[in-house]
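Enquirer: To convert, note that position 379 of the sequence shown is 379 in my numbering; the numbers rise steadily by one, no gaps. Idealized CB from N, CA, C, for every residue including glycine.
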Amino acid sequence: MLHVSNSEKNSRDRFIPLRFNATLTPNTPNFDPLEIEVFKNCGFLNYAKIRYNQNNYKNELQKIMFPYEAKVLNFFPPKKCIRNKNPEGEPTWPVKPREKPVIDPPQTVLDMPQFDSYICHNICDWSSKGYIATIFENEVHIWNSISKERTITSTFHRIQHSIKWRSGTSLQFAVGLSPSSVGIWDLLARKLTCWRSCCCFPQNCEVFALEWITPKFLVTGCSQGTLKIFTSKLKKIRGLSNAHNGAIIKIASSCDRRFIATTGLDKRMIVWKIPDLERHFCFETDTISKAVAWHPWRGSVLAVGVGQNDGHIVILNINEKKPMAEEKFTYQNTTVDALTFNPISGELVAGYFVRDVVDGNKGVGVVVVFSDIDQIVEELHLHDGPILYLLWGNEGQELASASADENLCIWDFFGKINSQNGRNKKEESPPKSSVLLRTIR
Numbered sequence: 001m002l003h004v005s006n007s008e009k010n011s012r013d014r015f016i017p018l019r020f021n022a023t024l025t026p027n028t029p030n031f032d033p034l035e036i037e038v039f040k041n042c043g044f045l046n047y048a049k050i051r052y053n054q055n056n057y058k059n060e061l062q063k064i065m066f067p068y069e070a071k072v073l074n075f076f077p078p079k080k081c082i083r084n085k086n087p088e089g090e091p092t093w094p095v096k097p098r099e100k101p102v103i104d105p106p107q108t109v110l111d112m113p114q115f116d117s118y119i120c121h122n123i124c125d126w127s128s129k130g131y132i133a134t135i136f137e138n139e140v141h142i143w144n145s146i147s148k149e150r151t152i153t154s155t156f157h158r159i160q161h162s163i164k165w166r167s168g169t170s171l172q173f174a175v176g177l178s179p180s181s182v183g184i185w186d187l188l189a190r191k192l193t194c195w196r197s198c199c200c201f202p203q204n205c206e207v208f209a210l211e212w213i214t215p216k217f218l219v220t221g222c223s224q225g226t227l228k229i230f231t232s233k234l235k236k237i238r239g240l241s242n243a244h245n246g247a248i249i250k251i252a253s254s255c256d257r258r259f260i261a262t263t264g265l266d267k268r269m270i271v272w273k274i275p276d277l278e279r280h281f282c283f284e285t286d287t288i289s290k291a292v293a294w295h296p297w298r299g300s301v302l303a304v305g306v307g308q309n310d311g312h313i314v315i316l317n318i319n320e321k322k323p324m325a326e327e328k329f330t331y332q333n334t335t336v337d338a339l340t341f342n343p344i345s346g347e348l349v350a351g352y353f354v355r356d357v358v359d360g361n362k363g364v365g366v367v368v369v370f371s372d373i374d375q376i377v378e379e380l381h382l383h384d385g386p387i388l389y390l391l392w393g394n395e396g397q398e399l400a401s402a403s404a405d406e407n408l409c410i411w412d413f414f415g416k417i418n419s420q421n422g423r424n425k426k427e428e429s430p431p432k433s434s435v436l437l438r439t440i441r
């Protein structure tokens, strides 16, 4: 009778050699780089990139340790999978996602002292010609992201609360003026070319929200809840009183220019038909929110940030007038302060403020990039306050995040590309030399 000892080198199974488990499952507390003490003091972290590199390392290590695929005998037929009726991998919204996390530390950081963080104000914008503008001490300070030159308006401190660059190639922007007016500033002429009173009687109002539907038409929203459409010369086309029960704090135009979405202090997000200002759809929110973004090439898709301590994103189908998807709380004890879609890839970028458990006034700002409602592509940790503005420059190649921590960071959204030997290769640069501290004011 053949005797086989039960040891590490032998097995009672004569036909199937003893095999090691080829699945690598690292010990999370010891292996996860996000738990290591050294990362707690880093100025910048891209958590998604760390997890991506960790997974690649695990796969490469597995290939080295187990070069041959394990042969397994199937004694029973595999169970049949019940497939979902919906097509597998169908995204919630049209998207052309990047293949991997590519965002490195910001190439430019602008100092923005005494940054206005009041929710009703809209004081920062980035033009298609590369000009970043912000309101400080009732004047607009402008910084050219290409030439690095700075200019300041001279209106005798009349500018208040809101600014919006004219769409297209124009070097003009609309601003809210005091008292109760809206004006157009020409950067080349260095003056206000025209202005018009909002005319909300019997009380004066303040223009809080601005949006250019096209280069020829401007929509304004004021503290009295009035919506108005003007021409580029500020000739009034149409007006609607009491569009919101209170101040209008955000106006966003759809890509096909058929709709605008507005939010207000009445905790409602309303979609209006253009140019008639006819109400199309109303979405009740449980909190005041200015986080609204339209998809860049699908006019029916609208993202809204809702929730005070359970902040999350809801994707709406405007044609069907109902939600089509809802984020399942990426973070706890958080709010969504800003939303935008990348005009090239269609990825959704959100600015979260994650509050401290002990002191709710303290927390960190996180920039999160979604390729789908439940798929995080990037997770950028740098800001120490709410991220109030997410702006696109260089035709969508660059992302600016402006935070209440008085910093505006410019990120290379698609990564630094350097052509070498006829191939595209990602340019590597150390964080210390890549961050250029400047001030916009």
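Shortest alpha-carbon distance to residue 283 belongs to which of 318, 253, 252?
Expert: It is 318 whose Cα lies nearest to the Cα of residue 283.
Enquirer: Mapping the DSSP letters down to three states, classify residue 112 as helix, strand or coil.
Expert: If DSSP states are grouped into helix, strand and coil, residue 112 belongs with coil.
Enquirer: Secondary structure at residue 363, three-state DSSP: helix, strand or coil?
Expert: Three-state result, residue 363: strand.
Enquirer: Near residue 385, which residues of its chain fall below 6 Å by C-beta distance, leaving aside the five closest residues on each side in sequence?
Expert: Around residue 385: 365, 403, 404, 405.
Enquirer: Taking residue 281 as the reference, which of 316, 287, 400 has the closest Cα?
Expert: Nearest of 316, 287, 400 to residue 281, Cα basis: 316.
Enquirer: Would you say residue 215 and residue 257 are within 8 Å of each other, going by their C-beta atoms?
Expert: No; because the gap between Cβ atoms is not below 8 Å, this pair is not in contact.
Enquirer: Where do the ends of the beta strand (DSSP E) carrying residue 131 lie?
Expert: It spans 131-136 - the beta strand (DSSP E) in which residue 131 sits, taken as one unbroken run.
Enquirer: Give me, in chain order, the residues of the same chain whose beta-carbon lies closer than 8 Å to that of residue 297; leave out the 5 immediate sequence neighbours on both sides.
Expert: Correct list, in chain order: 94, 255, 346.
Enquirer: Buried or exposed for residue 63, please, with buried defined as at least 16 other CB atoms from any protein chain shown within 10 angstroms of its CB.
Expert: Result: exposed.
Enquirer: Is residue 338 helix, strand or coil when you go by DSSP?
Expert: Three-state DSSP puts residue 338 in a strand.
Enquirer: Suppose you measure from the CA of residue 207 to the CA of residue 181; what does that come to, to the nearest Å?
Expert: When rounded, the distance between both Cα atoms is 7 Å.
Enquirer: Quick one: measure Cβ to Cβ for residue 209 and residue 250, integer angstroms, because I've assumed they're closer than 8 Å.
Expert: Contact holds; Cβ gap of about 6 Å.
Enquirer: Let me know the secondary structure DSSP gives residue 394 once reduced to three states.
Expert: In the structure shown, residue 394 sits in a helix (DSSP, three-state: H, G or I).
Enquirer: For the alpha helix (DSSP H) containing residue 293, list its first residue and its last residue.
Expert: It is not in any alpha helix (DSSP H) - residue 293 instead sits in the beta strand (DSSP E) that spans 292-294.
Enquirer: On the DSSP letters alone, give me the boundaries of the alpha helix (DSSP H) that residue 408 sits inside.
Expert: From DSSP, residue 408 is part of no alpha helix (DSSP H) but of the beta strand (DSSP E) over 407-412.
Enquirer: Considering only C-alpha positions, which residue in the set 342, 332, 349, 348 is nearest to residue 360?
Expert: The shortest C-alpha separation from residue 360 is found at 332.
Enquirer: Rounded to whole angstroms, how far is the Cβ of residue 155 from the Cβ of residue 373, which I believe are closer than 8 Å?
Expert: Actually they do not touch by this definition, with Cβ atoms about 43 Å apart.
Enquirer: Less than 8 Å between CB atoms is the rule here; does residue 318 satisfy it with respect to chain B?
Expert: The structure shown has no chain B; it contains just one protein chain.
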